[in-house]
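Data block below; observations after.
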Amino acid sequence: MTIRDVAARAGVSVATVSKVINSRYGVAAGTTARVQAAYERARTWYGDTITCPAAGDSTSADIKGDGLAAAPVLLAHAEVTGMALEVGTQSVTSVLGALRADAWLHAHGDPASPQGRDIKRQMRDAFFGDADDWKGMVAGQSLLACRQAIRGLAA
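Just add 1249 to the spot in the sequence shown (first one is 1) and you have my numbering.
Here it is in structure tokens:
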């Protein structure tokens, strides 16, 4: 769950959520309660392993423009409890290098060139593990998350 998800569910700004999470002053008690309830719902469903970049308990970056962040906007009539699984494939340095190379490729390079194909391979390797044990772990974690969401919806 991202800070934007919590903000959308609580009907407040991202800045307000950040203030609540970081125990800063200047937030009305009712607003604080709504923000905390949104975050706690995800923790209830998925357990204490749920972290949030804004709360400072996650090693993840706060990503902008992803599908998970769009869900509360597209489903404004619904209460969205989002969660993203992170399944590492390479070191952070390697993943960042692949992302930088891909950004360069799209701004200055030729995706069909040998260099372009190499950069595309780096991107694939950064986000997809080809090993069967990695694929099995991802499938297992995905199934667990689906079961937790169904259990949370049924509660």
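All C-beta atoms in this analysis are idealised placements derived from N, C-alpha and C, irrespective of residue type, glycine included.
Local conformation of residue i per DSSP, three classes
i, result
"residue 1326", "coil"
"residue 1372", "helix"
"residue 1343", "helix"
"residue 1309", "coil"
"residue 1391", "helix"
"residue 1360", "coil"
"residue 1316", "helix"
"residue 1255", "helix"
"residue 1334", "coil"
"residue 1381", "helix"
"residue 1352", "helix"
"residue 1401", "helix"
Sub-8 Å separation of residue i and residue j beta-carbons
i, j, result
"residue 1347", "residue 1375", "yes"
"residue 1252", "residue 1261", "no"
"residue 1259", "residue 1287", "yes"
"residue 1338", "residue 1378", "yes"
7 Å CB neighbourhood of residue i in its chain, flanking five on each side removed
i, result
"residue 1351", "1368 and 1372"
Cutoff 6 Å; reference residue i; Cβ partners in own chain excluding five residues on either side
i, result
"residue 1257", "1321"
"residue 1387", "1336"
"residue 1299", "1291 and 1292"
"residue 1400", "none"
"residue 1390", "1334"
Spatial neighbours of residue i in its chain, beta-carbon cut-off 8 Å, leaving aside the 5 residues before and after
i, result
"residue 1358", "1364, 1365 and 1368"
Beta carbon proximity, residue i to chain B, threshold 8 Å
i, result
"residue 1362", "Given the protein chain composition of this structure (a single chain), no chain B is represented."
Check your understanding: Do three or more CB pairs link the region 1282 to 1302 to the region 1320 to 1334 at distances below 8 Å?
Key -> yes
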